[in-house]
Each structure stands twice: as C-alpha cells, then as structure tokens.
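Heads up: the sequence shown begins at 2 in my numbering, then just goes up one per residue. No residue lacks a Cβ here, since even glycine has one placed at the ideal position from N, Cα and C. In what follows, a structure is listed as structure tokens, so that the remarks can point back to it.
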Amino acid sequence: METITFYSYKGGVGRTLALANVAIYLSRFGKDVCIMDFDLEAPGLHYKFPKFLKTTDIKAGLVDCIYKFSHDKTIPESLNKFSLEVIPRSKSQGKIQLIPAGNVISSHYWKRLALIDWHSLFYEEHSEGVPFFIELKERIEKEFKPDFLLIDSRTGVTEMGGLCTSLLPDKVVFLITNNRENIEGARQILRGIGKVERLPGQKPIEVTFALTRIPFPSDDDENESEKEREKEIVKNMQDFLNEPVGDLGGQLDVRDICVLHSNRDLELSESVRMDQEGVTEETPLLHDYLKLFSKIIPEEIITPKIDALLDGITANILNDPDKTQKELEDLVRVYPHHRTLEKLINFYILRNEGREKILNAFHKLWKIFEIEDPDMLSKYVSLFMKRDVYPRSIEEPNFELEIIKKYLELNPKNRDKIEMKLADAYEEYGDAKTALKHYLQLLERIKEKNKVINKILNIYLCEELYEDALKLITKYHDIIDSNASLILKKVEILFKAGNILEVGKILENETIKSNLFDEDPRLYIGVMNKLRKSDEVDKKLNEMVANALKKDSLETLYRVGTIFYSLNRADEFKNKISGYHKADEILYKLKLNTEYRERRLFNPF
C-alpha cells in the first residue's frame with residue numbers, strides 16, 4: 002500500500018478536489034483506493050462524491066476512532082463501522098473506500114472532536130498518539146487491502162498536519178497558491194518534512210508541488226503573454242522555495258512544479274472532472290489533473306491495464322476497423338493516457354484520417370503528457386513537413402511548434418530543412434520575432450543564403466526595423482548585389498529608410514529600374530516622385546491607366562487608383578476614368594479605402 006498525503010498550508014486551493022480526482026482515476030485503472038479525511042475541523046472529502054453517497058449515510062468516522070482511543074486506549078477490531086464504500090469493485094475498476102471525519106451534521110461529532118486531548122496523545126511522557134496512528138494505518142492495509150491510501154490533510158501547522166506530512170505518507174502532494182503567506186508557510190513546512198527522522202525501513206518522503214488557482218488565458222490574443230507570465234510565476238516560486246534561509250534549516254531542491262489552473266464553473270460547483278464513465282468534460286484543469294497524476298503515480302501501475310485493454314480492442318482490427326477506431330476513441334475518453342493516445346494517433350495515420358483529427362489527437366497528447374517517444378515526434382514532424390503539400394481545411398488547427406522545437410533539440414543533425422519550415426510557420430502564425438530568430442540562425446549555417454536573406458529582409462520591412470535591415474545589407478552585400486530580386490528588396494529598404502540618394506544611384510542601372518517598375522509599380526512611382534522626376538511619374542501613371550482600361554481590368558484600375566490617391570492626385574484619376582463603365586464602382590472602393598486608412602491613422606488600435 003502506498004500512502005499519499007494531499008496537503009496545503011492554507012485552505013481554498015483545491016486540495017480535496019485534486020485528491021478525489023486522483024482517487025477516481027486510480028480506481029478506473031483497477032486499483033483499490035482508501036481515502037481518509039484528516040481535515041477534522043473542516044471536513045469535506047465526502048462532499049466530493051455526491052453521485053455515490055449522501056452526508057446522511059455517514060454514521061461514524063476518524064474522529065470517533067480517535068476519541069475512543071484517547072479515552073480507553075483501544076482500537077476497534079474492525080474499521081468497517083468507521084468507513085463507507087464509495088465505489089464498489091467491479092471487473093473493470095477498483096473500489097474506493099472512504100474513512101470520513103465523521104457524522105459532521107451531528108452535534109455529537111463536534112463534541113467528540115472538542116473532547117479529544119491532543120496534548121496527552123502527542124506531548125505527554127509515554128504518549129501513544131504516534132503508535133496509534135501507525136497502528137491505524139496498518140489496520141487499514143490489513144482490513145481493506147487498498148493499493149493506495151490517500152489522505153486529505155489538515156491545513157497549517159497542526160498535530161494532524163505533522164502526522165499527515167511526516168509520519169504516515171510515502172509521498173506528499175503539496176498544493177500552493179501564489180501569495181506570500183502561502184509560499185512562506187509552505188517553505189517552512191517543507192523544510193520541516195526534510196528534517197523529520199523516518200521510521201526504520203521508510204524511504205525519504207517524495208514531494209510533488211502543485212501551484213493552484215492560476216487563471217487560464219481567456220482568449221487567443223492573451224495566450225502567449227499569459228503563458229510567459231505563468232512561467233515567470235513558477236520560476237519565481239522555485240527560486241523562493243530553493244532560497245537558503247539559515248533559521249529554517251537546509252536548502253530545498255524544488256525542480257518541478259505542476260500547475261492546476263482555475264476554472265470558474267468548477268469553483269462554483271466543486272465537481273470532479275472524472276467519474277466512473279470517464280472524463281466528465283474536456284477542460285484545461287482536467288489536463289492539469291492528468292499531468293499531476295503522471296507525476297505521482299508510477300507508470301508500471303498503469304501500463305498493465307492499458308496494454309490489456311489495447312490488446313483486446315486491436316485484436317479484430319482487420320475484421321472491423323471502424324469498430325476498432327470507435328473503441329479506441331472511447332478508450333481515450335475513459336482512460337486518457339499517453340499510451341491510449343499514441344495508439345489512436347497511429348491508427349488514424351494508418352487509416353489516412355484527416356489531418357484535423359490527427360493533429361487534435363497529437364495536441365491532446367502534447368498538452369497533457371508532452372511527447373517523449375522519438376517515433377511519435379518523428380511522425381508529427383513528417384506531418385509538419387507536408388503542411389504546404391495538401392490543402393488545409395478551415396477547421397484544421399495550427400501545428401504546435403513547440404513539438405517541432407523539441408524534435409530539433411533531440412535531433413540536431415540535418416535540421417536545416419525542418420528549421421526553415423519551422424521559421425516559415427512562426428511567420429505565418431504571426432510570431433515574426435521567433436521566426437526572425439530561426440531565420441538568423443539558419444543564415445549562419447546554410448550555404449544557399451538568398452532565400453533566407455529575402456525572408457529576413459521581409460520581416461525587417463514589415464516590422465520597420467530599417468537599421469537592422471541596413472546592417473544585414475552591408476554584411477551580405479556581395480550576395481544581395483548579385484541577385485535581381487534582392488537588389489529590389491534593397492532598393493525598397495533604402496527608400497523607406499530615407500537613403501534616397503543611394504536609391505537614385507542604384508536606379509541609374511536601366512535594367513534594375515525596369516525590373517522595379519515591373520515588380521512593384523507603386524514603389525517605383527514613390528521613388529521617382531521622391532527623386533523629383535515628375536515627367537517619369539506622369540509617363541508611367543498614364544501608361545498604367547491606359548493599359549488597365551485597354552484590358553478592362555477592374556482590379557488593375559483600382560490598384561492604379563490607390564497610387565494616384567497616395568500622391569494626392571485623386572481628381573486627376575477620376576477624370577482619366579470618367580468614361581469607363583465601372584468608374585463609379587472603382588471610385589466607391591477607393592473612397593472606402595481612404596476612409597479606412599484615415600481611421601487607422603487616428604485610431605491605430
């Protein structure tokens with residue numbers, strides 16, 4: 002029997018609910034679980050299972066057991082009268098046995114609690130409190146034979162808290178909220194746990210940390226900044242907990258902190274995220290619970306059950322693949338685990354299911370368990386490398402680029418092609434800063450630099466980083482000056498950076514000048530106008546209008562019109578197209594465009 006205590010320095014952190022979810026999850030994997038409510042002054046564990054028991058079902062509990070021992074020094078022969086079976090054992094899952102604090106709706110409970118002499122139990126010479134609780138734990142193991150004993154501990158610094166965190170458990174799940182009182186109290190308790198002498202044969206207590214009540218980003222726009230803020234909070238907490246403080250003993254070594262996000266609906270209902278049938282609702286908090294579960298429960302506890310279920314489902318894969326897929330999808334819902342998700346992903350790939358399904362399954366695996374299997378990482382990268390080959394559906398999610406980064410970290414060889422795709426994806430998804438970082442790294446490594454230089458210059462232009470662009474142009478002038486398209490990019494940057502004289506020198510080359518007009522007439526007209534070559538501007542504008550009218554091209558005329566309007570020559574353009582049969586439509590579009598630009602000018606947000 003493994004004993005795990007759930008402890009928090011203060012209440013209201015979601016401690017009891019976390020324990021309830023872990024208990025149900027263990028039960029679904031066929032493990033028998035005993036859960037015990039040690040929060041005697043504010044008991045509430047029984048309230049987390051409203052579907053399975055009522056408060057009126059509880060007749061006695063831990064307080065009655067302690068009260069009896071404190072008065073006659075005896076332990077009941079059987080603990081049955083002090084416990085209830087919340088979930089019975091079945092073929093598919095283990096049972097959950099609850100030892101509640103007691104019948105809390107009875108005044109009898111509170112009288113007995115008040116009459117327990119904690120001082121005589123723990124502090125008098127030859128006190129027997131510690132042996133009693135050790136014996137109680139042994140009785141639980143002998144009578145109920147659970148695989149796990151989960152203890153909901155009293156908060157703060159108390160006798161019960163000390164028992165639950167230092168004497169009884171093999172592991173402690175320590176839940177903390179992000180405020181100074183909680184963190185300082187937590188550090189004091191943690192240092193105390195480290196100094197307690199264990200009984201012969203007992204291993205050092207393993208502590209898992211969970212930071213709770215962290216808001217989850219409310220929308221996509223805030224997502225990245227909120228993630229960074231969350232990382233900062235976790236890092237600051239680690240630094241504080243690990244800070245050496247003389248009067249509190251030795252330094253802690255906190256290397257990992259789980260995060261349990263807040264959920265408004267859950268805070269109102271305090272309901273479990275998992276039940277007998279499986280996941281009640283897909284939420285970020287459910288994913289958090291599953292991450293916590295994977296931290297505290299050894300993999301060997303889970304895999305036999307998972308493997309047996311998977312073998313049963315896939316036995317008839319050839320005879321009825323549709324049924325197999327449905328059963329795998331159901332299994333992921335009931336048993337969300339990295340092995341079930343990996344099997345489902347492989348099956349989706351085998352059946353050539355749409356990328357939307359495959360990506361959603363991959364992303365669920367990543368969010369809950371990350372992806373450790375090199376083969377799964379390779380399969381995801383293979384999908385990623387084909388992202389431009391096949392048409393993309395509207396509903397299809399973006400690729401999770403952190404997965405690609407992890408693959409590159411583990412596979413540094415032959416990374417250039419993948420990193421180029423990664424940088425392109427960051428740019429497409431609107432993260433120019435990260436895209437630029439990867440392009441610059443590639444530029445230092447690869448031999449064929451033209452494509453990367455062009456992408457970097459495009460970002461510099463979009464972000465108006467002209468000084469950086471000019472430095473790059475200087476550094477790679479040989480490459481840029483020998484490539485026609487890069488020369489035009491150089492002209493655009495010099496023009497927007499205000500280096501008009503240098504632009505004029507470059508355009509003395511008639512080939513470059515002609516190429517600029519063909520590739521970007523708007524830029525060409527802007528440059529010529531700045532160089533005060535009004536005859537050239539008039540000539541080209543007239544040519545463009547004439548060609549567009551000849552082709553009867555509405556779109557081309559509209560683009561030419563935007564150039565006239567940018568030069569404050571709107572009336573001239575109106576006169577030139579006055580006889581055109583769609584002139585009103587073009588002028589209306591130009592009016593809307595002008596109004597939009599003016600609104601953006603005065604209110605850029």
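Worksheet entry | Cut-off 7 Å between Cβ atoms - residues of its own chain near residue 447, not counting five sequence neighbours on either side | 417 and 453
Worksheet item: Leaving out the 5 sequence neighbours to the left and right, which residues in its chain are closer than 6 Å to residue 435 when beta-carbon positions are compared?
Response: For residue 435, where only same-chain residues beyond five positions count, the Cβ hits under 6 Å are 427.
Fill in: For residue 214, three-class secondary structure by DSSP
Residue 214 falls in the strand class under three-state DSSP.
Worksheet item: By how many angstroms is the C-alpha of residue 547 removed from the C-alpha of residue 498?
Response: 32 Å
Worksheet item: Apart from the five residues on each side of it in sequence, which residues of its chain come closer than 6 Å, Cβ to Cβ, to residue 95?
Response: 28, 31, 32 and 33
Discussion item. When you compare the CB positions of residue 74 and residue 61, do they come within less than 9 Å of one another, or not?
Written reply: no
Worksheet item: From residue 199 to residue 441, what does the alpha carbon distance come to, in whole angstroms?
Response: 55 Å
Worksheet entry | Run of the beta strand (DSSP E) containing residue 4, from where it starts to where it stops | 3-9
Worksheet item: Three-state secondary structure (DSSP) at residue 596?
Response: Reduced to three states, the DSSP call for residue 596 is helix.
Practice prompt. Just the C-alpha distance for residue 598 and residue 565, rounded to the nearest angstrom, thanks.
Written response: Looking at the two C-alpha atoms, the distance is approximately 15 Å.
Worksheet item: Quick one: Cα of residue 48 to Cα of residue 38, how far?
Response: 11 Å
Worksheet entry | residue 106 versus 41, 213, 230 and 333, residue with shortest Cα-Cα distance | 41
Practice prompt. Figure out for me which residue from 179, 290, 211 and 292 has the closest Cα to the Cα of residue 611.
Written response: Only positions 2 to 606 of the chain appear in the structure, and residue 611 is not among them; the question remains open.
Item to complete: Determine the direct distance from the alpha carbon of residue 170 to that of residue 326, and round the result to whole angstroms.
Response: 41 Å
Discussion item. Please report the distance separating the alpha-carbon of residue 59 from that of residue 147.
Written reply: 20 Å
Fill in: Expected contact under 8 Å - CB spacing of residue 68 and residue 140 to nearest Å
That pair is no contact at about 16 Å.
Practice prompt. Grab me the residues of residue 485's own chain with a C-beta within less than 7 Å of its C-beta, minus the 5 sequence neighbours each way, in chain order.
Written response: 516
Worksheet item: First and last residue of the beta strand (DSSP E) that includes residue 87?
Response: Note, residue 87: beta strand (DSSP E), 85-88.
Worksheet item: Using the C-alpha atoms, what's the distance from residue 52 back to residue 269?
Response: Caution is warranted here: a pLDDT of 49 is assigned to residue 269, below 50, making its placement in the model unreliable, and no coordinate value can be reported.
Discussion item. By the DSSP assignment, the alpha helix (DSSP H) with residue 255 in it spans what residues?
Written reply: Here residue 255 belongs to no alpha helix (DSSP H), and DSSP marks it neither H nor E.
Discussion item. On a Cα-Cα basis, can you pick out the residue from 363, 444, 167 and 196 that is closest to residue 253?
Written reply: 196
Practice prompt. Indicate the three-state DSSP secondary structure (helix, strand or coil) for residue 176 in the structure shown.
Written response: strand
Practice prompt. Return the chain-ordered list of same chain residues with a C-beta closer than 8 Å to the C-beta of residue 605, the five sequence neighbours on each side being excluded.
Written response: Bear in mind that a pLDDT of 44 at residue 605, under 50, signals an unreliable position, so the number given afterwards is only what the model happens to contain. Counting only Cβ-Cβ distances below 8 Å, and skipping sequence neighbours, we find nothing.
Worksheet entry | Beta-carbon contacts of residue 294 that lie in its chain and below 7 Å, excluding the five residues immediately before and after | 23 and 26
Fill in: Three-state class that DSSP yields for residue 153 in the structure shown
The answer is strand: DSSP assigns residue 153 an E or B state.
Worksheet item: Under 9 Å, do residue 371 and residue 149 count as touching if we go by C-beta distance?
Response: The answer is no: Cβ separation not under 9 Å.
Practice prompt. Taking residue 165 as part of the alpha helix (DSSP H), name the residues at either end of that continuous run.
Written response: Run containing residue 165: none; DSSP gives neither H nor E here.
Item to complete: Determine which residues share a DSSP beta bridge with residue 261 and list them.
Response: 213
Practice prompt. Go ahead and label residue 289 buried or exposed: buried means 16 or more other beta carbons lie within 10 angstroms of its beta carbon, across all protein chains shown.
Written response: Counting C-beta atoms within 10 angstroms of its own C-beta, residue 289 has 16 or more neighbours from the protein chains shown and is therefore classed as buried.
Worksheet item: If you draw a straight line from the alpha carbon of residue 368 to that of residue 162, how long is it in whole angstroms?
Response: Distance between the alpha carbons of residue 368 and residue 162: 33 Å.
Worksheet entry | Per-residue burial, residue 214 [other beta carbons within 10 Å of its own, 16 or more giving buried] | buried
Item to complete: Buried or exposed for residue 339, please, with buried defined as at least 16 other CB atoms from any protein chain shown within 10 angstroms of its CB.
Response: buried
Practice prompt. Could you check if residue 389 is buried or exposed, using at least 16 other CB atoms within 10 Å of its CB as the buried criterion?
Written response: Exposed, because fewer than 16 other Cβ atoms sit within 10 Å of the Cβ of residue 389.
Practice prompt. Report whether the distance from the Cβ of residue 4 to the nearest heavy atom of the ligand COA is below 8 Å.
Written response: No copy of the ligand COA appears in this structure; indeed no ligand is present at all.
Practice prompt. Kindly identify the DSSP beta-bridge partner or partners of residue 36.
Written response: 99 and 151
Worksheet item: Any idea which residues DSSP pairs residue 208 with across the strands?
Response: DSSP lists 173 as partners of residue 208.
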